[in-house]
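Engineer:
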C-alpha cells in the first residue's frame, strides 16, 4: 500500500500539477522541444507502474484472506520489496513494447495526447493495459469479497483492521477502474466533441489518484485522529489530579488539570499510598477519605 500511495502522489503531480504549469505558459513540443515528449513518456511509465502496483495490492489482499501460509510465502519479511522488480519489469516491458510513442501535451485542449508516430496512431498497448487492469482488479476484489463472506459465515476470526483495509482497497480499486475506463473512452471517442473534454479527462485522472486520501480519512480512525490533531481540532480528555495532604489537624485538597492519566495520591505518614484510577470518574467522597485517613492513623 505504501508503494501505491507514493505512486499516487507522483502520478497526481503529472496529471494535474505539470499540465497546469504547461497550460499557463502555453508549453508544447512545437515551441519547447522534445523534452515535452519525454515528459509524456515519463508520465505513462508512472501510470504503468501504478497499474502493476494496484494489481499486486489486490492480489495481496486476496491471498491474505485466503491463505496465511501463502501470505507468508509471497509477502512476508522483505519479500514484499521483491515485488518492485515485477512492477518495474511490467512498466519497462510495456514502454519498450510500444513502437514510436508520441505523447505530448496540448494546452489548448488541456490534455495529454497518447498516440504513436506510426500511421496507425491508436495506442493499443495503452488500451490493453487499462482494460486488462479493469478485468483483473474486478476479479481479484470480487473473489476477496466471496472469501470474506465465506469466512464470516463459518465464524472464522477476521480482524477489524483487515476488514477496514480491504474495504478501503476495494473502494479505491473500483474508483480506479471507473476513472481509467472513463479516461480511455473520453480520450478516444469524444476528444473532438467539446473544448471542455480535455479538462474533464484530466480531472478524472487526478480524481483517481487524489481520492485515495479522502477514502483513508473517512474510513480510517487513526488517520482521522492524526489529521484532526494536525489542524488543531482533536478532542483531549481533561483530567483532574487531586493531591491530598494529611496532617494531625485533618487534610486539605488541591486540584489541577493535567494530562491523560489521573494519579490520586495520599501522602500518609509514615508511608505513601498512591491509587491510579481512570480519568473523569468520581475519585472519592470526603467521608471515604476520612475513613482512609482514620484507618492509617490507627495502624
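Residue numbers (our numbering): 18 to 316.
A virtual CB, placed ideally from N, CA and C, is assigned to each residue, including glycine.
1) In this structure, what does DSSP give as the bridge partners for residue 133?
2) Determine the direct distance from the alpha carbon of residue 148 to that of residue 92, and round the result to whole angstroms.
3) Can you check which of these residues, 129, 142, 126 and 89, is closest to residue 110 by C-alpha distance?
4) Is it the case that the Cβ atoms of residue 53 and residue 45 are separated by a distance below 8 Å?
5) For residue 248, does the count of other Cβ atoms within 10 angstroms reach 16, so buried, or fall short, so exposed?
6) Do residue 26 and residue 79 have their C-beta atoms closer together than 8 Å?
7) Relative to the alpha-carbon of residue 64, which residue among 107, 43, 96 and 85 has its alpha-carbon at the smallest distance?
8) Which residues bound the alpha helix (DSSP H) around residue 25?
9) Since residue 154 is in the alpha helix (DSSP H), which residue starts that stretch and which ends it?
10) Where does residue 45 fall in DSSP's three states?
11) Unbroken alpha helix (DSSP H) runs of length 4 or more, entirely within the stretch 58-107: which are they?
12) Quick one: using the 10 Å Cβ neighbour count with 16 as the cut-off for buried, is residue 161 buried or exposed?
13) Report the rounded CA-to-CA distance for residue 117 versus residue 137, giving the unit in angstroms.
14) Just the C-alpha distance for residue 77 and residue 62, rounded to the nearest angstrom, thanks.
15) Could you check which residue in 222, 243, 242 and 241 has the C-alpha nearest to that of residue 33?
16) Use the C-beta contact count for residue 75: other C-beta atoms within 10 angstroms, 16 or more gives buried, fewer gives exposed.
17) Which of the three DSSP states is assigned to residue 33 in this structure?
18) Taking Cβ to Cβ, would you say residue 13 is nearer than 8 Å to residue 150?
Structural biologist: By the coordinates alone:
1) DSSP, once it has assigned bridges, lists 118 as partnering residue 133.
2) CA-CA distance, residue 92 to residue 148, rounds to 26 Å.
3) Residue 110 has its Cα closest to that of 142, out of 129, 142, 126 and 89.
4) Yes, they are a contact pair.
5) Its Cβ having fewer than 16 others within 10 Å, residue 248 is exposed.
6) If you check the CB distance, residue 26 and residue 79 do not come in under 8 Å.
7) Looking at 107, 43, 96 and 85, the one whose alpha-carbon comes closest to that of residue 64 is 107.
8) According to the DSSP assignment, residue 25 belongs to the alpha helix (DSSP H) that extends over 19-29.
9) Annotation for residue 154: the continuous alpha helix (DSSP H) segment containing it runs 141-170.
10) DSSP, read as helix, strand or coil, puts residue 45 in coil.
11) If only uninterrupted alpha helix (DSSP H) runs of at least 4 residues are considered, those enclosed by the stretch 58-107 are 85-92.
12) Residue environment for residue 161: buried (at least 16 other C-beta atoms within 10 angstroms of its C-beta).
13) Straight-line Cα distance between these residues: approximately 11 Å.
14) In a straight line, the C-alpha of residue 77 is about 23 Å away from that of residue 62.
15) For residue 33, the closest C-alpha among the options 222, 243, 242 and 241 is that of 222.
16) Classification for residue 75: buried.
17) Residue state, collapsed to three classes: helix.
18) Only positions 18 to 316 of the chain appear in the structure, and residue 13 is not among them; the question remains open.
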